[in-house]
Amino acid sequence: MIDHLEDQLVPRHIAIIMDGNGRWAEERKRPRLFGHKAGVDSVRDIVEAAREIGVQHLTLYAFSTENWNRPSGEVSGLMGLLKTYLSAELENLRSNDIRLRCLGQAERLPMEVRQVLEQTIADTAGCSTMNLNLALSYGGRVELRDAIRRIAAGCERGELNWEEISEQTISDHLYTAGQADPDLLIRTGGEHRLSNFLLWQASYAELYFTDTKWPDFRKAQLMEAIQVFNQRQRRFGRTGAQVQGEAGK
Ligand code: FPP
């Protein structure tokens, strides 16, 4: 079924900015929440596809720190969808050996969402085929600020020496501690920006932008993104000749 991925490198970590739900709904003269509901179907499809092809970490930007500023009806609609999704998916996540994690300020979420989120995180803690990171009330700058605060507190307590703070120390204090950085970062919906998403972790990610709006982004579109990823040469600051020399060894 996934023959066309033969000989293709599957990114270890794929991160997605799921944009375009609102416009997708508006095109159909429907309320924005209709687009978010259709977006949940894409979430299901992409989680299943990513696990099937062997992605190890999938990070979905579901709600940013800035999204709290949306109209309250849209915020509560999104929270409701999240709660329903988590309640409905628990068995599916477990049977597919998918571990759920939350990146972001979980404490800002409404209590009933937090409860089901924490329960799902606890109930899938033993799963190891794929990590599903939901970025919820997530902001890259707040994540970095909090990491810096914790590192500074560690220095003050004498547990860390400021001269020994390395890039790894910073990575270890982010929500994604212990996970590989994204190899491929996808943004749907036609905009070309990072919107405060994984600012540290995405330093060397290949960026893939598509006009396809999130509710229309399904397995076939994911495969296309992976094919484009495979055509890119990741140089990590080295020259093309160096990279080709390494590959020939
Ligand atoms: C951006 O589209 C999308 C969001 C802010 C929310 C994404 C949420 C979902 C896909 C559904 C819930 C998620 C889970 C994990 C169950 P937009 O509203 O900014 O679209 P627009 O740019 O067209 O207005």
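Under this note's numbering, the first residue of the sequence shown carries the number 384, and numbering increases by one thereafter.
Glycine included, each C-beta is placed from N, C-alpha and C at the ideal position.
Quantities reported herein were computed from a predicted structural model and do not represent experimental measurements.
At a Cβ-Cβ threshold of 8 Å, Asp599 and Gly573 do not count as neighbours. Here Ile531 is exposed: its Cβ has fewer than 16 other Cβ atoms, across all protein chains shown, within 10 Å. Scanning its chain for C-beta atoms nearer than 6 Å, with the 5 sequence neighbours on each side dropped, one finds around Ala421 the residues Pro598, in chain order. The straight-line gap separating the alpha-carbon atoms of Arg453 and His556 is approximately 29 Å. Put simply, the backbone Cα of Gly487 is about 7 Å away from that of Glu526. Taking a cut-off of 8 Å on C-beta distances, the stretch 429 to 445 does not touch the stretch 493 to 510, as fewer than three cross pairs fall below it.
Comparing alpha-carbon positions, the option among Phe580, Glu546, Gln502 and Leu416 lying closest to Glu457 turns out to be Leu416. For Ile436, the uninterrupted alpha helix (DSSP H) run begins and ends at Arg415 to Ile436, by DSSP.
In this structure, the CA atom of Asn475 is about 24 Å from the CA atom of Pro565. Inter-segment contact for the stretch 489 to 500 and the stretch 539 to 556 is absent: fewer than three beta-carbon pairs are separated by less than 8 Å. For the 8 Å CB-CB criterion, Arg477 and Ser511 do not form a contact. Judged by the Cβ position, Trp597 qualifies as a neighbour of the ligand FPP at the 7 Å threshold, a heavy atom of the ligand being closer than this. Non-local beta-carbon contacts of Ser586 in its own chain, meaning distances under 8 Å to residues more than five positions away in sequence, involve Asp564 in chain order. Apart from sequence neighbours up to five positions away, the residues of its chain that approach Phe612 with a beta-carbon distance below 8 Å are Leu392, Pro394, Asp566, Leu567, Glu589 and Tyr591, ordered along the chain. If you check the C-beta of Leu464 against the ligand FPP, you find a heavy atom less than 7 Å away. In this structure, the C-beta of Val426 approaches the ligand FPP to less than 7 Å from one of its heavy atoms. In this structure, the straight-line span from the alpha carbon of Gly405 to that of His419 is close to 7 Å. Shortest Cα-Cα distance from Ser459 to any of Ser578, Arg540, Arg491 and Gly437 involves Arg491.
In the three-state scheme derived from DSSP, where H, G and I count as helix and E and B as strand, Ala563 is classed as coil. Secondary structure at Arg497: helix, using DSSP grouped into helix, strand and coil. Linking Ala489 to Phe446 through their CA atoms gives a straight-line distance of about 11 Å. Tyr444 has Ile400 and Ala518 as its beta-bridge partners, per DSSP. Looking only at Arg484, Ser455, Phe580 and Ile548, the smallest Cα-Cα distance to Ile534 is reached by Ile548. Taking Leu582 as the centre and dropping the five residues before and after it, the same chain places the C-beta of Gly523 closer than 6 Å to its C-beta, in chain order. Remark: the shortest separation between the CB of Asn404 and any heavy atom of the ligand FPP falls under 7 Å.
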